[in-house]
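Top to bottom, those sequences are chains A and B. Counting from 142, one number per residue, gives the positions in the first sequence under this note's numbering. Counting from 142, one number per residue, gives the positions in the second sequence under this note's numbering. Where is the CB? At the ideal position from N, CA and C, for every residue including glycine. What you are looking at is a predicted structure, and each value in this text was computed from that prediction instead of being measured. A quick write-up on the structure given underneath.
2 protein chains.
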Amino acid sequence: MSHCNTIIDTLRQRGYRITPQREIVVDILAHAGRHITAEEIFDQMQKRIRVTNLSTVYRTLDVLWEEGFACRNDLSEGKTVYATHQHGPHIHLVCRRCDAVLDANSQVLDAMGEEIRSRYGFDADLQHLSIFGICADCSA
Amino acid sequence: MSHCNTIIDTLRQRGYRITPQREIVVDILAHAGRHITAEEIFDQMQKRIRVTNLSTVYRTLDVLWEEGFACRNDLSEGKTVYATHQHGPHIHLVCRRCDAVLDANSQVLDAMGEEIRSRYGFDADLQHLSIFGICADCSA
DNA sequence: GGTGCAATTGCAACTATTTGCATTAAGGAT
DNA sequence: ATCCTTAATGCAAATAGTTGCAATTGCACC
Numbered sequence: 142m143s144h145c146n147t148i149i150d151t152l153r154q155r156g157y158r159i160t161p162q163r164e165i166v167v168d169i170l171a172h173a174g175r176h177i178t179a180e181e182i183f184d185q186m187q188k189r190i191r192v193t194n195l196s197t198v199y200r201t202l203d204v205l206w207e208e209g210f211a212c213r214n215d216l217s218e219g220k221t222v223y224a225t226h227q228h229g230p231h232i233h234l235v236c237r238r239c240d241a242v243l244d245a246n247s248q249v250l251d252a253m254g255e256e257i258r259s260r261y262g263f264d265a266d267l268q269h270l271s272i273f274g275i276c277a278d279c280s281a
Numbered sequence: 142m143s144h145c146n147t148i149i150d151t152l153r154q155r156g157y158r159i160t161p162q163r164e165i166v167v168d169i170l171a172h173a174g175r176h177i178t179a180e181e182i183f184d185q186m187q188k189r190i191r192v193t194n195l196s197t198v199y200r201t202l203d204v205l206w207e208e209g210f211a212c213r214n215d216l217s218e219g220k221t222v223y224a225t226h227q228h229g230p231h232i233h234l235v236c237r238r239c240d241a242v243l244d245a246n247s248q249v250l251d252a253m254g255e256e257i258r259s260r261y262g263f264d265a266d267l268q269h270l271s272i273f274g275i276c277a278d279c280s281a
């Protein structure tokens, strides 16, 4: 079963209604394989369904984010980007000066997630963390 | 010397021009002692200066953020909040379900910052990290 | 297969933030 | 103190994202 069927089925089990619009958004997001904006999803969506609306895209992305199927990232480029967790866990190191985005892994992340869980009972989503700072080039 | 004089002087040294508007924004932000929105800063600012503009506030906050004097946080409440680092380092644990924000400290943060610096040469700003997830109440 | 009700949609209006551009003014040189 | 350069401002228009509401439609129940 594909990743997007899993998402759709789980949403249905949780009491959400599955509309064609939602299926299309999930499909586009799950197959994007990269970070994508709401606008891009809307553009692709319009090729598949006659009448639809940007706010439906935003609302669906909200649901996916609340339910833990998508991550949203403000990479400080003026737009928010979204991805499914399929895209793989990593940290975005976003430079405040040049806006460059460096993808990183951190072995410390798991330890931090565990610490947060044990101390605060908070289930942190560390799949796509954005961390701001100054990149090597800019601090040189 | 107060914190906001330090900021102003450093900005001047770095080649920024110090306008009354900038001084006021820095002063309000440095003395807020909490997270504050651009709109709140603008409201307070209007009590001190006749003619001014919201976009000036946004532009000044951008500079302060780029130069490392302020942090910006999207707490997913529809507005972005700002603070100086004076406010003290901590993590915001933001619940995706109920939007509750829990402030936390993490001993693991320093280790992570060090790891990121040594592996990627990236100077991460971990003073005010926002981490999304599900809070203890909502996961119960 | 038909019915009912509440969730979801499309639309339009609204809020938050950014940007282009003409004007103003900071601050280094004189 | 005045001049000059160019960064910063104010304004208005644009862009990103949200929200209220009437119309539509999924889907649970018969």
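Could you tell me which chain A residues have their CB closer than 9 Å to the CB of E207/B, listed as they occur along the chain?
-> Sequence index remark: in the second sequence, residue 207/B carries index 66 (1-based). Residues of chain A passing the Cβ test: R237, R238.
Proximal residues, the segment 261 to 274 of chain B versus chain A, C-beta separation under 9 Å | Y261, G262, F263, D264, A265, D266, L267, L270, S271, I272, F273, G274
Is DSSP giving C279/B helix, strand or coil here?
-> Taking the second sequence and counting its residues from 1, one reaches residue 279/B at position 138. Residue state for C279/B is assigned as helix, using DSSP reduced to three classes.
Environment of N194/A [buried if 16+ CB atoms lie within 10 Å] | Taking the first sequence and counting its residues from 1, one reaches residue 194/A at position 53. Counting Cβ neighbours within 10 Å, N194/A comes out exposed, since fewer than 16 surround it.
Counting only runs that start and end within the segment 188 to 227 of chain A, where is the alpha helix (DSSP H) found for 4 or more residues in a row?
-> Unbroken alpha helix (DSSP H) stretches of 4 residues or longer found wholly inside the segment 188 to 227 of chain A: 195 to 207, given in chain order.
Range covered by the beta strand (DSSP E) that runs through L243/A = Along the first sequence, read from residue 1 onward, the residue named residue 243/A stands at position 102. 242 to 245 is the span of the beta strand (DSSP E), which, as asked, contains L243/A.
Please report the residue range of the alpha helix (DSSP H) in which H172/B lies.
-> Here residue 172/B refers to the residue found at position 31 when the second sequence is read from its first residue. Here the alpha helix (DSSP H) through H172/B covers 161 to 173.
Which class does D184/B belong to by DSSP, given the choice of helix, strand or coil?
-> Within the second sequence, numbered from 1, the residue matching residue 184/B stands at position 43. DSSP places D184/B in helix when its eight states are reduced to three.
Contact with chain A by E186/B, beta-carbon distance below 8 Å | Against the second sequence, residue 186/B aligns to sequence position 45. This sequence places Met at residue 186/B; Glu is not what is there. Not closer than 8 Å to any Cβ of chain A, the Cβ of M186/B fails to qualify, so no.
How long is the line joining the alpha carbons of M142/A and I165/A, rounded to whole angstroms?
-> Within the first sequence, the letter at position 1 stands for residue 142/A. Within the first sequence, the letter at position 24 stands for residue 165/A. With a pLDDT of 47 at M142/A, under the threshold of 50, the modelled position of that residue is not reliable, and the figure given next carries that caveat. Cα-Cα distance, rounded: 17 Å.
Where DSSP assigns a beta bridge to G262/A, which residues make up the other side?
-> Counted from its first residue, the first sequence places residue 262/A at position 121. DSSP, once it has assigned bridges, lists no residue as partnering G262/A.
Against chain B: residues of the segment 243 to 256 of chain A by CB proximity under 8 Å | L243, A245, S247, Q248, V249, L250, A252, M253, E256
Please compile the residues from chain A whose C-beta is within a distance smaller than 9 Å of the C-beta of S280/B.
-> For the purposes of this step, residue 280/B is taken as residue 139 along the second sequence, with counting starting at 1. By Cβ distance, chain A contributes G262, F263, D264.
For D215/B, which residues in chain A fall below 7 Å Cβ to Cβ?
-> Here residue 215/B refers to the residue found at position 74 of the second sequence. Chain A residues near D215/B: D215.
Residues that L202/B contacts on chain A, provided the C-beta gap is smaller than 8 Å | Residue mapping note: residue 202/B aligns to position 61 of the second sequence, counting from 1. Those within 8 Å of L202/B in chain A number zero; the least Cβ separation is about 12 Å.
For L234/B, go through chain A and note every residue whose CB falls closer than 8 Å to its CB, in chain order.
-> Residue numbering aside, residue 234/B sits at position 93 when the second sequence is read from its first letter. Under the 8 Å cutoff, chain A gives I257, Y261, F263, A265.
Could you name the residues of the same chain whose beta carbon sits closer than 6 Å to that of Y157/A, not counting the 5 residues immediately before and after it, in chain order?
-> Numbered from its first residue, the first sequence carries residue 157/A at position 16. Hits under 6 Å: none found.
Contact set between the segment 161 to 176 of chain A and chain B, restricted to residues whose Cβ is under 9 Å from the partner = none
How big is the Cα-Cα spacing for R238/A and I257/B?
-> Within the first sequence, residue 238/A is the residue found at index 97, counting from 1. Within the second sequence, residue 257/B is the residue found at index 116, counting from 1. Using only the alpha carbons, I get a separation of about 17 Å.
Let me know if I159/B comes out buried or exposed under the rule of 16 or more other beta-carbons within 10 Å of its beta-carbon.
-> Translated into the one-based positions of the second sequence, residue 159/B becomes position 18. Per the 10 Å Cβ criterion, exposed.
Among all the DSSP beta bridges, which residues are the ones paired with T178/A?
-> In the first sequence, counting from the first residue as 1, residue 178/A sits at position 37. Per DSSP, V222/A.
Give the single residue among L267/B, L205/B, Y261/B whose Cα lies nearest to the Cα of I148/B.
-> One-based indexing of the second sequence puts residue 148/B at position 7. Cα-wise, what sits closest to I148/B is L205/B.
First and last residue of the uninterrupted beta strand (DSSP E) at L234/B = Start at 1 with the first residue of the second sequence, and residue 234/B comes out as number 93. Counting along the chain, L234/B sits inside the beta strand (DSSP E) bounded by residues 231 to 236.
So with Cβ pairs under 8 Å, would you call A179/B a contact of chain A?
-> As a position in the second sequence, residue 179/B is number 38, starting the count at 1. Output row for A179/B: interface = no.
C-beta neighbour in chain B for A277/A, strict 8 Å = As a first step, residue 277/A must be located in the first sequence, where it is residue number 136. Yes, contact with chain B.
Within this structure, are the beta carbons of L170/A and T221/A separated by less than 8 Å?
-> Mapped onto the first sequence, residue 170/A falls at position 29. Mapped onto the first sequence, residue 221/A falls at position 80. Taking 8 Å as the Cβ cut-off, L170/A and T221/A do not qualify as a contacting pair.
Would you list the residues sitting across from G274/A in a DSSP beta bridge?
-> The residue labelled residue 274/A in the question sits at position 133 within the first sequence. BP columns for G274/A point to C236/A, A265/B.
Which of the three DSSP states, helix, strand or coil, is assigned to R158/B?
-> Here the question's residue 158/B lines up with position 17 in the second sequence. In the structure shown, R158/B sits in coil (DSSP, three-state: anything other than H, G, I, E or B).
Can you tell me whether G274/B is buried or exposed, with buried defined as 16 or more other CB within 10 angstroms of its CB?
-> Locating residue 274/B in the second sequence gives position 133, counting from the first residue. Answer is buried; the Cβ neighbour count reaches 16.
Between the Cα of Q200/B and those of K188/B, I182/B, R191/B, spot the shortest distance and give me the residue it belongs to.
-> Residue 200/B sits at position 59 when you count from the first residue of the second sequence. At residue 200/B the sequence reads Arg, which differs from the Gln that was named. Nearest of K188/B, I182/B, R191/B to R200/B, Cα basis: I182/B.
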